[in-house]
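In the numbering used here, the protein residues as written are 59 to 225. Inspection log for the structure reproduced underneath, given as structure tokens.
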């Protein structure tokens, strides 16, 4: 594939992925405002954008067997924990952007957990097995992810146990 086309696909993947997520969140907001038809519109558009992103992901060969997907995910989480979020966090603190720094800290703490989970899952798949995984809980306030039982309070943001989403 020619570099110009590849770059265009990467930009399109990024744009479609962001649109998918934004529209999903917009749908949630519309539901909170008791606007169910607008919520459905955003949900439909969100799915459409997901389809587009999935097509571009396949053409770019960025989706393969689970072991390959885990490797890509692990590389991404490692970059976020070792390079991206520490730099972003330092920049936000330096500039006095406390709210942004808090959100970067939330993401950094969470991505470290994701990194460990993906590494363990990859090791299991390489051994021809599914990963042993108890219940997984996600804090909807800060995104913190953990295995086992939800804590009484989120260790990152302090959200109460009843807010956690179970997977």
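For every residue, glycine included, the Cβ atom is placed at its ideal position computed from N, Cα and C. These figures come from a predicted structure and were not determined experimentally.
Residue i and residue j: beta carbons closer than 9 Å?
i	j	result
residue 263	residue 181	No statement about residue 263 is possible, as the shown extent of the chain runs from 59 to 225 and does not include it.
residue 162	residue 176	no
residue 143	residue 165	yes
residue 213	residue 202	yes
residue 100	residue 111	no
residue 198	residue 225	no
residue 132	residue 173	yes
residue 104	residue 79	yes
residue 77	residue 114	no
residue 138	residue 169	yes
residue 60	residue 118	no
With DSSP as the reference, please indicate the residues paired to residue i in a beta bridge.
i	result
residue 218	211
residue 204	195
residue 224	195
Helix, strand or coil for residue i per DSSP?
i	result
residue 194	strand
residue 189	coil
residue 184	helix
residue 120	coil
residue 82	helix
residue 60	coil
residue 153	coil
residue 93	coil
Using 10 angstroms around the beta-carbon of residue i, count the other beta-carbons present and answer buried if the total reaches 16, otherwise exposed.
i	result
residue 63	exposed
residue 148	exposed
residue 171	buried
residue 72	exposed
residue 66	exposed
residue 167	buried
residue 124	exposed
residue 179	buried
residue 102	exposed
residue 152	exposed
residue 83	exposed
residue 140	exposed
residue 135	buried
residue 107	buried
residue 190	exposed
residue 91	exposed
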